[in-house]
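Residue numbers for the sequence shown follow the working numbering, beginning at 22 and rising by one.
The structure appears below as structure tokens.
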Amino acid sequence: MKKVFALFLAAMLLACTACGGSAGSTGSTGTADPGDSVASGGSGNTSTPAGDETPRQGGEIVVGLSYEPDTMNVYSTHLLGDVQAMVVEGLLVPNSEMEYVPVLAKEVPTVENGGIVMDETAGTMDVTYHLRDDVQWHCGEKFTAADVVATWEALCDPNWEAESKDGASDIDSIETPDDYTVICHYNTIIPDFAQTLFTFGIMPAHDIAGKDMNDPNNGYNNTPCGTGPYVFSEWVSGEYIKLTRNDNYYGDNGPYLDSVTVRFVVDENTRINMLKSGEIDFTYGISFANYDQVKDLPGCTAIVHGLNSWRYFDMNHNVPGLDDVNVRRAIACAIDKEALVNQLFSGIPQAWDQPWMPSDPFHVEGFKSEWSFDMDKANKLLDDAGWVMGSDGVRAKDGVRLEFTVICRSGTATDGFIAQVITSYLSQVGIKINTEEYASSTWSAKMYDGDYELGIGGYITSPGATRTKMYAIGGALNRGGWENQAFTDLCAKIDKELDAEARKAQVAEALTYFDSELPQIVIYANNEIIVVNEKLRGFSPNPTNMTNFCQSAGWWLAE
């Protein structure tokens, strides 16, 4: 069986190589969906080696992005906030080492510096941010504590249908003793408070007051006024977004570039050819199968880095057939992750069984799923559950056929090939898979609305142990409708536990429920392939959901 499938994979690899053109010289296509993240330098404090070179002002870079944003509002988007991260800033940001550093705040609040004060008896805490006093909005207004309050109040509005409101309801009130001090009074203790809310971005009070935040044409959502190193200039639908340098940016590390143009180029092979021709200077999410095409591309540097991200095979529990845990377990048993990763992707990503990544300190060391690859076990699970093989090779039970449609995003070789490989595997146990591809925004909307049967995609997240949003009952990204009260209760404990060792034990227990019922199959831990112009300096890949663009002020072009 494995030999037959190895031949299938070899054919896939040849097809993938052929579709990419001739060989040339880390949200996010191929690693995480763009769908469902300094003190002195603001968001421009990066650490890529530049030798003894002195940053040079001027020049433009063109980014090839695999999707077009659905909105420029960081809280409303269903995609990653790549472009937004150059325009809108938060109080803190995770850097390339997944450590939070200050941006609009002067320091990261901690217990040690007095920024976090806990009342363990009441189960509450206060978090104090001391804000920079030298920041201007792009329109020239001063950034103050009032903007932080306005952002929180907007997110508390139940009428605003934002995707990312995490953390807003955990604050009862905000006190502002002066224009540059913000004291957040939390109604609970949240160790991972920095993951949400003010890290995504601060909105200007003067620009959002009285506006319908659901209206894409409200004057902010698609033309935001920010504090970031680049100013929104132009959005030509279907083509590009152009940003220009913020000449009033605070700090002493940039911005250096005159402008950044982000072109929407869905097709990966087109982006690779645009790198070769010099039409773009930067792209990310190159599929693993195309790595050989870009690793030695003249005039470019290819970077492979790990992400706090995973590729998944999602199963909608509201769909007949997929609501049977034995079907989900059989699907997991039928997928040979190691073969998929090693033979299809040259072993660049790591086959993985849990939604806590190898770089995450909370991952369960040595964990192996009970439903690891075993084709005989997959067939036995289905036989024992009463799913009978039909003459057409598809199992059925009580009038329900095990025939499903998997949706994935167009424009990337990675997801399409994963779909074909899994289709081949599942056909061997009597499950028929059809594939539909959609543009990123449509795929994201269908997934977010639960309008799918199976889905291939990815998550990229901030540092921390919480997985409440993804898998707990009522979680915004629990789109397949998994309901496990024990898992949800453990998530509530994990989200409040301060002791790291206790959190690790809770994660390990939560993982047993995840693996038993399989709300989702984790396929592999992601690495990301980024290709940049070899003259680009000051760039460090970011492994979190704050994207590779959240520290762009320090980017510059060598001569």
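Glycine included, C-beta positions come from ideal geometry on N, C-alpha and C.
Please read all numbers here as calculations on a predicted model, not as lab measurements.
Which term fits residue 249, buried or exposed, when burial requires 16 or more other beta carbons within 10 angstroms of its beta carbon? Flag for residue 249 reads buried.
Exposed or buried, what is residue 177 when buried is set at 16 or more other beta-carbons lying within 10 Å of its beta-carbon? exposed
May I have the straight-line CA-CA distance separating residue 40 from residue 253, to the nearest angstrom? Bear in mind that the predicted position of residue 40 carries a pLDDT of just 35, short of 50, making it too unreliable to give a figure here.
Apart from the five residues just before and just after residue 213, which ones in its own chain have a Cβ nearer than 6 Å to its Cβ? 485, 487
Could you check where the alpha helix (DSSP H) with residue 352 kicks off and where it finishes? 346 to 355
Going by Cα to Cα distance, which pick from 126, 79, 435 is closest to residue 364? With respect to the C-alpha of residue 364, the residue from 126, 79, 435 having the closest C-alpha is 435.
Is it true that the segment 450 to 463 meets the segment 500 to 516, where meeting means three or more beta-carbon pairs spaced less than 8 Å apart? No, they do not touch.
So what does DSSP say about residue 168, is it helix, strand or coil? Residue 168: helix per DSSP, three-state reduction.
Simplified DSSP state of residue 576, which is helix, strand or coil: It is coil, neither helix nor strand.
Pull up the CB-CB distance for residue 409 and residue 416, whole angstroms please, since I reckon it's below 8 Å. 6 Å
How many Å lie between residue 196 and residue 396 at the Cα? 59 Å
Which of the three DSSP states, helix, strand or coil, is assigned to residue 62? Any reading at residue 62 needs caution, since the residue's pLDDT is 29, under 50, leaving its predicted position unreliable; the model's value is listed next. DSSP places residue 62 in coil when its eight states are reduced to three.
Rounded to a whole number of angstroms, what is the C-alpha to C-alpha distance between residue 406 and residue 379? 34 Å
In whole angstroms, give me the CA-to-CA distance for residue 47 and residue 412. For residue 47, the predicted model reports a pLDDT of 26, less than 50, meaning its position is unreliable; a value from the coordinates is still stated below. Going by the C-alpha atoms only, they are around 47 Å apart.
Tell me whether the segment 129 to 149 and the segment 191 to 206 touch, counting them as touching only if at least three CB pairs, one residue from each stretch, are closer than 8 Å. yes
Which of helix, strand or coil does DSSP assign to residue 285? strand
Excluding the 5 residues flanking residue 85 on each side, which residues of the same chain have their C-beta closer than 6 Å to its C-beta? 284, 286, 292, 295, 301, 304
For residue 100, does the three-state DSSP call read helix, strand or coil? Assigned with DSSP and collapsed to three states, residue 100 falls in coil, not helix or strand.
For residue 546, report the span of its beta strand (DSSP E) as first-last. 541 to 554
Can you tell me the Cα-Cα spacing of residue 259 and residue 414, whole angstroms? About 43 Å.
Length at least 4, wholly inside the segment 358 to 414: the alpha helix (DSSP H) runs in chain order: 396 to 405
I'd like the ranges of any beta strand (DSSP E) spanning at least 3 consecutive residues and lying wholly in the segment 470 to 521. The DSSP assignment places 475 to 481 as complete runs of the beta strand (DSSP E) inside the segment 470 to 521, in order along the chain (cut-off: 3 residues).
Please identify the residue among 167, 208, 172 whose C-alpha is closest to the C-alpha of residue 587. Because the chain here runs from 22 to 580, residue 587 falls outside it and cannot be looked at.
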